[in-house]
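K.L.:
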Ligand code: ARG
Ligand code: ZN
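Residue numbers (the numbering used here): 41 to 468.
1. In angstroms with no decimal places, state the Cα-to-Cα distance between residue 84 and residue 354.
2. Excluding the 5 residues preceding and the 5 following residue 136 in the sequence, name in chain order all residues of the same chain whose CB lies nearer than 7 Å to its CB.
3. Going by beta-carbon coordinates alone, are residue 364 and residue 271 separated by less than 8 Å?
4. Going by beta-carbon coordinates alone, are residue 326 and residue 302 separated by less than 8 Å?
5. Does the count of Cβ pairs from the stretch 381 to 388 and the stretch 455 to 464 closer than 8 Å reach three?
6. Specify whether the stretch 394 to 403 and the stretch 341 to 359 touch according to this definition: at least 3 beta carbon pairs, one from each stretch, less than 8 Å apart.
7. Which residues does DSSP list as the beta-bridge partners of residue 362?
8. Of all the options 468, 443, 433 and 441, which has the alpha carbon lying nearest to the alpha carbon of residue 457?
9. Near residue 217, which residues of its chain fall below 7 Å by C-beta distance, leaving aside the five closest residues on each side in sequence?
10. By the three-class DSSP mapping on this structure, what secondary structure does residue 268 have?
11. Since I believe residue 309 is in contact with residue 240 (beta carbons under 8 Å), could you give me their beta-carbon distance rounded to a whole number of angstroms?
12. Classify residue 416 as helix, strand or coil using the three-state DSSP reduction.
13. Compare the C-alpha of residue 79 against each of 115, 132, 146 and 62 and name the closest.
14. Take residue 174 and list the residues in its own chain whose beta-carbon comes closer than 7 Å to its own, dropping the five residues that flank it on each side.
15. Would you list the one or two residues that DSSP bridges to residue 352?
16. Rounding to the nearest angstrom, what Cα-Cα distance links residue 181 and residue 416 in this structure?
17. When you compare only the Cα positions, how much space is there between residue 413 and residue 323?
18. In this structure, how does DSSP classify residue 248 when only helix, strand and coil are distinguished?
19. Apply the 10 Å Cβ neighbour rule to residue 48 and answer buried if 16 or more other Cβ atoms are within range, or exposed otherwise.
20. Confirm the yes/no value for this check: CB of residue 357, any heavy atom of the ligand ARG, distance under 7 Å.
21. Is DSSP giving residue 253 helix, strand or coil here?
22. By the three-class DSSP mapping on this structure, what secondary structure does residue 51 have?
23. To which residues does DSSP link residue 72 through a beta bridge?
24. Alpha carbons only, please: which of 205, 106, 183 and 185 is nearest the one belonging to residue 332?
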């Protein structure tokens with residue numbers, strides 16, 4: 041079990057401010073990933089099938105959209121879950137038969153890529169040690185943000201906009217040649233811990249904007265950029281050290297043995313509505329109240345104070361290859377939906393021609409599902425931002441969250457294309 045010795049860990053490390061992670065890593069030997077279609081047809085006495093598999097067979101929901109459900113089942117529950125589906129005439133596709141192997145393969149690939157880098161005579165391009173051949177620790181990502189600030193002191197400002205539940209800094213980098221005048225674009229990643237490609241893509245975007253800053257077109261240079269690669273640092277650290285499949289933050293929930301709130305269900309928009317859970321043990325637990333989490337509060341307060349001139353909000357997730365825009369919390373049309381669809385489609389086309397990846401664009405509640413409490417909908421409603429997109433990066437399910445490190449660069453390019461298309465769409 042992943043929950044041993046929290047209390048003592050908390051007490052011992054409280055003095056340092058940051059909770060140390062010292063649990064035994066969770067393993068996924070022989071755990072399988074299943075894909076089940078037409079899930080809405082399979083209500084099990086008033087309980088959605090996904091929830092049922094979650095509570096009864098310890099299934100971990102990887103992805104749920106309007107077409108299918110991806111769920112992982114641990115070795116010890118395979119037999120029971122299998123016979124349950126057979127009994128109820130529910131078909132499944134087995135996508136993967138050993139998730140641990142997939143995790144190990146991705147890790148090994150990253151190690152090899154860094155060794156090749158270390159062995160080659162070409163110097164590392166960055167002093168923080170970040171690259172886009174492997175996924176990196178929170179420390180390296182934060183060091184990279186400091187490195188950028190040091191290289192461009194005149195136009196950069198590095199904020200700690202608050203602390204996470206376990207006391208880590210929540211860092212945002214601002215890049216602007218004229219913060220008073222220029223229109224603002226916000227980019228974030230890492231709301232969900234296990235979606236490692238998201239912080240990797242956001243740091244890639246940051247790097248690409250800065251390495252040729254002087255040559256950038258006006259629609260990039262005459263903007264104020266706010267970049268937050270990791271909105272959920274505690275979850276990210278936990279996913280790297282203990283449980284690869286961790287999604288939520290790491291807030292302790294009074295009265296529950298379970299930990300963590302889904303930050304993308306915690307924002308104050310349609311918070312009590314569909315698509316989230318009141319159960320602290322669920323992966324889509326919405327929290328005790330709207331905006332209850334420190335991470336949510338920090339972002340909300342920061343954005344509310346800067347909503348003037350805020351023209352775009354982009355948030356990177358994985359997986360699914362989709363560029364979606366509001367609403368998610370209700371099945372209704374957003375104003376500007378035509379413009380949002382057009383720009384989303386422009387990005388989809390450019391991605392297809394430049395990297396050959398097939399992305400979809402559309403409205404969140406249609407393409408994914410109805411879900412309240414999302415950062416995208418909140419920003420749209422509370423900050424009156426026009427261009428709001430959630431980008432689901434690679435892939436479409438083959439590797440899921442364990443996207444091989446060799447795909448980081450290609451995926452990063454796709455993220456950059458979205459950013460450029462949106463920046464270009466906004467009038468100067
Ligand atoms: N995979 C993301 C999530 O489940 C999609 C977010 C889309 N936006 C939303 N407000 N639900 O959080
Ligand atoms: Zn996500």
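We treat Cβ as the ideally placed atom computed from N, Cα and C, and that holds for glycine.
P.N.:
Taking the structure as given:
1. For the purposes of this step, residue 84 is taken as the residue at position 44 of the chain shown. For the purposes of this step, residue 354 is taken as the residue at position 314 of the chain shown. C-alpha separation (whole angstroms): 36 Å.
2. Translated into positions along the chain shown, residue 136 becomes position 96. Counting only Cβ-Cβ distances below 7 Å, and skipping sequence neighbours, we find 72, 73 and 142.
3. On the chain shown, residue 364 is found 324 positions in, with the first residue counted as 1. On the chain shown, residue 271 is found 231 positions in, with the first residue counted as 1. No, Cβ-Cβ distance for residue 364 and residue 271 is not below 8 Å.
4. Residue mapping note: residue 326 aligns to position 286 of the chain shown, counting from 1. Residue mapping note: residue 302 aligns to position 262 of the chain shown, counting from 1. Yes.
5. Yes, the stretch 381 to 388 touches the stretch 455 to 464.
6. The stretch 394 to 403, when compared against the stretch 341 to 359, does not touch it at the 8 Å Cβ threshold.
7. As a working note, residue 362 is residue 322 in the chain shown. According to DSSP, residue pairing for residue 362 in a beta bridge involves 400 and 432.
8. Residue 457 sits at position 417 when you count from the first residue of the chain shown. Checking every option, the nearest Cα to that of residue 457 belongs to 433.
9. As a first step, residue 217 is located in the chain shown; it is residue number 177 there, counting from the start. Around residue 217: 195 and 261.
10. As a working note, residue 268 is residue 228 in the chain shown. The answer is strand: DSSP assigns residue 268 an E or B state.
11. Position 200 of the chain shown, counting from 1, holds the residue named residue 240. Position 269 of the chain shown, counting from 1, holds the residue named residue 309. Not a contact, Cβ separation roughly 28 Å.
12. Numbered from its first residue, the chain shown carries residue 416 at position 376. Under the three-state reduction of DSSP output, residue 416 falls in the helix class.
13. Taking the chain shown and counting its residues from 1, one reaches residue 79 at position 39. Ranking the options by Cα distance to residue 79, first place goes to 132.
14. For the purposes of this step, residue 174 is identified with residue 134 of the chain shown, where counting begins at 1. Same-chain partners within the cutoff: 150, 153, 154 and 445.
15. The residue given as residue 352 occupies position 312 in the chain shown. Per DSSP, 225 and 427.
16. In the chain shown, the residue the question calls residue 181 occupies position 141. In the chain shown, the residue the question calls residue 416 occupies position 376. Roughly 23 Å separates the two Cα atoms.
17. Taking the first residue of the chain shown as position 1, residue 413 is located at position 373. Taking the first residue of the chain shown as position 1, residue 323 is located at position 283. When rounded, the separation of the alpha-carbon atoms in residue 413 and residue 323 is 14 Å.
18. Counting from one through the chain shown, the residue named residue 248 turns up at place 208. Taken through DSSP and simplified to helix, strand or coil, residue 248 comes out as helix.
19. By one-based count along the chain shown, residue 48 stands at place 8. Unreliable positioning characterises residue 48 in this predicted model, as indicated by a pLDDT of 44, which lies under 50. The coordinate reading is nonetheless provided below. Residue 48 should be labelled exposed.
20. Taking the chain shown and counting its residues from 1, the one referred to as residue 357 is at position 317. Checking the Cβ of residue 357 against the ligand ARG gives yes.
21. Numbered from 1 along the chain shown, position 213 holds the residue referred to as residue 253. In the structure shown, residue 253 sits in a helix (DSSP, three-state: H, G or I).
22. The count along the chain shown starts at 1 and reaches residue 51 at position 11. The pLDDT assigned to residue 51 is 44, lower than 50, so where the model puts this residue is not dependable; a value taken from the coordinates is nonetheless given after this. When DSSP states are grouped into helix, strand and coil, residue 51 belongs to the helix group.
23. The residue given as residue 72 occupies position 32 in the chain shown. DSSP lists 113 as partners of residue 72.
24. Looking up residue 332 in the chain shown gives position 292. Check the Cα spacing between residue 332 and each of 205, 106, 183 and 185: the tightest is with 205.
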